[in-house]
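K.L.:
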Amino acid sequence: MFSSNPPAARLRGLAARIFLLASSLLPVAALAAAPAVTKIQGSPLTVHVGADNSFQIVNSAIPGVGQIYPTDATGTADMGFFVRTADQFYSPDFSNHPAGSATSFSGNTPFTSTSLGAVTGTGTAADPFTVSAASTLGTSGIAATLKVQYVNGNNYFTKALTLTNSAASQNVKIFLGADIFLAASDRGRPYIEAASTSPGGQSGDGCPNTDSQKYTILLIPQTPPDAYVARGFSAVWSEIGQGQLSNTVSATECIDNGAALQWNRALPAGASVTVQTAISFGEIPAFAQFDLRSITPASGTAGNSVNVTLGGLGFKTGTTFDLGAGVSVTNLVVVDDKTATATLVIAPSAAAGARDVGGTQSAGGLNARLPNGFTVNAAQGTTYTVTPSAGANGTISPATVQTVAANATATFTVSANAGYTASVGGTCNGTLTGSTYTTQPVTANCTVVASFTPVIVVTPTTTKLVATPNPLQFGNSLGLTATVTSGTATPRAQAAALAAAISGTVTFSADGAVIGTAPLGTNGAASFTANGLSVGTHSLIATYSGDATNAASSSTPVLVTVTAAPAAQAVPAPTLSTWAVLAMIAALTLALAAHLRRHGA
């Protein structure tokens, strides 16, 4: 973030722009050194995860402005994890970021990235968006694994850094630092949420302007820190570089601020250590003000009392806790804001199993919950009943009610009659392996219900196709009849057997193309009339679809020859015989003679 001194702010902004301009003039090979980035495109937050354990965050409530300086960085920016060993200081590869303020560390060694995963998950509470990255820390023998998660709708995301040591035992200091950009302003007041030791910054109430709406960025340690700081950004970088945070908050200044957390850890050979944080933007999340994180011991036996210690943050006079039906919280003492003690009285009738532990900071106030935080164990000598039953066409053995000890299992033999298959339900839950059913550990009275269903046997079928007439004269219709038979019985017996149960359709094809379909009748036959076959030889096939108890089948091809229609024949002119000609001449001669006599010729 820019300095509170306006000339300094302008100089820093100018320097950043010069750096960007210079970067744009560098060869492509130099630009390729920038850390790889995977983006979680959530709502309202978009989280940029760098392969070098650095970050940038965009809040859709403040469009177009990154919430970490430099605000226009499209990859990662000036937020990241740092690790100091006895003789080395490891950091994000800030020198290859496009711009920023975290470039003045002396003797730092960038993390060596070994992998950066794609986004997994769907962004729900049950399946958060997740990105994982892995890196090594020089020659220290330490490997780092980063896990970043985000759930849509939240104004915060979480990240966990795990260090694994393959070298000799060593001590490390882990830092998380950021040059924060409050909403659309580079200035604000350093801030700490005392309940959770969450440093950060806050704008509003005249800093940097008269806008009364507050906007807060917090580094929320879900692993309790050893130190923190919320000061001007350059002071934060300086403290990280020197290896110790000062536990100070410059709360009265309206400045260009940053924040950081510190964890000191011993890392034995072969051991791992994890630190986890949440980073919030806007309103302060409830869990940063009141949270329930542990209960010790985490189990008790029904019918007994157990003294417990509850751990969290934001505890105060009036804070209450609840463990559900059958467990009473008595003798509650709030020791301090992070610790409370109580006696749990567990009724004999309390249901066995894991349950949530709930907390309320004050009447009508903040609530917190520790999922499956406490387990009620069944009292010694407690027994439950397992009631078996079986439907028709099979048996279960033993068939009488079984009494079992709490958390024990019960075993049954389930046998199906010939032609049937078994399945098991009920409220006990369990596994059927072969004919043996074993329940899960029993924690309440429950049932085992065996049922049996017929085994469906699919019978092979044979389809035969008859085409008439064959050969076929072009322009005429072709009758197709497909007959489906099954088994090895005679055709007449097959038809009788099929008639009561067979169903489905027959598809008729010519030369590989479907020309029609017809339902299969109760006589096991389907008929279709084909028209329009061209002159030539055609291959026809009938395919039966099959049904629940009869397999599909196809006929062997039937070759049908279509012939051309016969050509029309010419009718010859009639001819006269020789005698007919002579008779005609004689008749004409006699007629001429009679004419001449009549006229006196």
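Going by my numbering, the first residue of the sequence shown is number 1051, and it counts up by one from there.
Backbone N, C-alpha and C fix where the C-beta goes; we use that ideal spot for every residue, glycine too.
Which partner residues does Tyr1119 have in the DSSP bridge list?
P.N.:
Partner(s): none; Tyr1119 has no beta bridge.
K.L.:
Just how far apart, CA to CA, sit Ala1176 and Pro1421?
P.N.:
Their backbone Cα atoms lie some 13 Å apart in a straight line.
K.L.:
Excluding sequence positions up to five away, which residues of its chain have a Cβ less than 8 Å from the Cβ of Val1585?
P.N.:
Hits under 8 Å: Phe1524, Val1612, Thr1613 and Ala1614.
K.L.:
What runs of the beta strand (DSSP E), each 3 residues or longer, lie entirely inside the region 1388–1447?
P.N.:
For the region 1388–1447, whole beta strand (DSSP E) runs of length 3 or above, ordered along the chain, are 1389–1396, 1403–1410, 1417–1427, 1433–1440 and 1444–1447.
K.L.:
On the CB-based measure, 16 or more other CB atoms within 10 Å of its CB, does Leu1071 come out buried or exposed?
P.N.:
Bear in mind that a pLDDT of 40 at Leu1071, under 50, signals an unreliable position, so the number given afterwards is only what the model happens to contain. Result: exposed.
K.L.:
Return the residue from the list Thr1088, Gly1251 and Phe1132 that minimises the CA-CA distance to Thr1126.
P.N.:
The option with the nearest alpha carbon to Thr1126 is Thr1088.
K.L.:
Around the Cβ of Ala1440, are there at least 16 other Cβ atoms within 10 angstroms (buried) or fewer (exposed)?
P.N.:
Ala1440 comes out buried.
K.L.:
According to DSSP, is Gln1523 part of a helix, a strand, or is it coil?
P.N.:
In this structure, Gln1523 counts as strand in the three-state DSSP scheme.
K.L.:
Can you tell me whether Gly1291 is helix, strand or coil according to DSSP?
P.N.:
It is helical.
K.L.:
Tell me where the beta strand (DSSP E) around Pro1271 begins and ends.
P.N.:
Unbroken beta strand (DSSP E) run through Pro1271: Tyr1265 to Pro1271.
K.L.:
Our contact map puts Leu1515 next to Leu1528 with C-beta atoms below 8 Å; I'd like the distance itself, whole angstroms only.
P.N.:
That pair is no contact at about 11 Å.
K.L.:
Can you name, in chain order, every residue of its own chain whose Cβ lies under 6 Å from the Cβ of Gln1106, other than the five neighbours on each side?
P.N.:
Contacts found: His1098, Gly1116, Ile1118, Ala1123, Thr1126 and Ala1127.
K.L.:
With Ala1580 and Ile1565 assumed to form a contact (beta carbons below 8 Å), what rounded beta-carbon distance in angstroms separates them?
P.N.:
The Cβ separation is near 6 Å, so the contact holds.
K.L.:
Please determine, among Ala1400, Ala1401, Arg1405 and Phe1371, the residue with the shortest C-alpha to C-alpha distance to Thr1389.
P.N.:
Thr1389 has its Cα closest to that of Phe1371, out of Ala1400, Ala1401, Arg1405 and Phe1371.
K.L.:
Taking 8 Å as the cut-off, decide whether the C-beta atoms of Thr1367 and Val1395 are in contact.
P.N.:
No, the Cβ-Cβ distance between Thr1367 and Val1395 is not below 8 Å.
K.L.:
What's the gap between the Cα of Ser1053 and the Cα of Ala1168?
P.N.:
In this prediction, Ser1053 scores a pLDDT of 36, lower than 50, which makes its location untrustworthy; the coordinate-derived value is nonetheless stated afterwards. Approximately 36 Å, taken between the alpha carbons.
K.L.:
Rounded to the nearest angstrom, what separates Leu1360 and Val1407 at their Cα positions?
P.N.:
So the two alpha carbons sit approximately 10 Å from each other.
K.L.:
Do Thr1432 and Gly1403 have their C-beta atoms closer together than 8 Å?
P.N.:
No; because the gap between Cβ atoms is not below 8 Å, this pair is not in contact.
K.L.:
Sorted by chain position, which residues of the same chain lie with C-beta nearer than 8 Å to Ser1412's C-beta, five sequence neighbours on each side aside?
P.N.:
For Ser1412, where only same-chain residues beyond five positions count, the Cβ hits under 8 Å are Lys1366, Gly1368 and Thr1369.
K.L.:
Using only alpha-carbon positions, find the residue among Thr1189, Val1377, Ala1084 and Val1556 that is nearest to Arg1134.
P.N.:
Selected option, being the one with the closest Cα: Thr1189.
K.L.:
Whole angstroms is fine: what's the gap from Gln1312's alpha carbon to Ser1485's?
P.N.:
Approximately 59 Å, taken between the alpha carbons.
K.L.:
My output table needs one value for Ala1636: the three-state DSSP class, helix, strand or coil.
P.N.:
Three-state result, Ala1636: helix.
K.L.:
Which whole-angstrom value is the C-beta distance of Thr1535 and Thr1512, which I expect to be below 8 Å?
P.N.:
Indeed they touch by this definition, with Cβ atoms about 5 Å apart.
K.L.:
Where does Ala1643 sit, in a helix, a strand or coil, going by DSSP?
P.N.:
Here Ala1643 sits in helix by DSSP.
K.L.:
Look at Ala1161 and Asn1103 and say whether their C-beta atoms are less than 8 Å apart.
P.N.:
Per the sequence shown, residue 1161 should be read as Phe rather than Ala. It is a contact, given that the beta carbons lie within the stated cut-off.
K.L.:
Can you tell me whether Ile1506 is buried or exposed? The criterion is at least 16 other CB atoms within 10 Å of its CB, across all chains shown.
P.N.:
With fewer than 16 other Cβ atoms within 10 Å, it is exposed.
K.L.:
How would you write the range of the beta strand (DSSP E) that Asp1656 sits in, first residue to last?
P.N.:
Any answer about residue 1656 is impossible in this case: the structure gives the chain only from 1051 up to 1651.
K.L.:
In whole angstroms, give me the CA-to-CA distance for Gly1092 and Thr1121.
P.N.:
Gly1092 and Thr1121: Cα-Cα distance of roughly 18 Å.
K.L.:
Excluding the five sequence neighbours on either side, which residues of its own chain have a C-beta within less than 8 Å of the C-beta of Thr1172, listed in chain order?
P.N.:
So the list reads Phe1179, once near-sequence residues are dropped.
K.L.:
Under the three-state reduction of DSSP, which class applies to Phe1283: helix, strand or coil?
P.N.:
Looking at Phe1283 - three-state DSSP - the assignment turns out to be helix.
K.L.:
To the nearest angstrom, report how far apart Thr1587 and Thr1557 are at their CA atoms.
P.N.:
Thr1587 and Thr1557: Cα-Cα distance of roughly 20 Å.
K.L.:
Using the Cα positions of Gly1655 and Gly1114, report the straight-line distance between them to the nearest angstrom.
P.N.:
Because residue 1655 is not part of the residues shown, which for the chain are 1051 to 1651, the question remains open.
K.L.:
Roughly how many angstroms separate the alpha carbons of Ala1472 and Cys1496, rounded to a whole number?
P.N.:
Taking the straight line joining both Cα atoms gives about 20 Å.
K.L.:
Between the beta-carbon of Ala1494 and the beta-carbon of Ala1401, is there less than 8 Å?
P.N.:
Contact: yes.
K.L.:
What are the partner residues of Gly1529, as DSSP defines its beta bridges?
P.N.:
Per DSSP, Thr1518 and Thr1579.
K.L.:
Using the beta-carbon count (16 or more within 10 Å), is Gln1351 buried or exposed?
P.N.:
First, the amino acid is wrong: residue 1351 is Thr here, not Gln. Burial call: buried.
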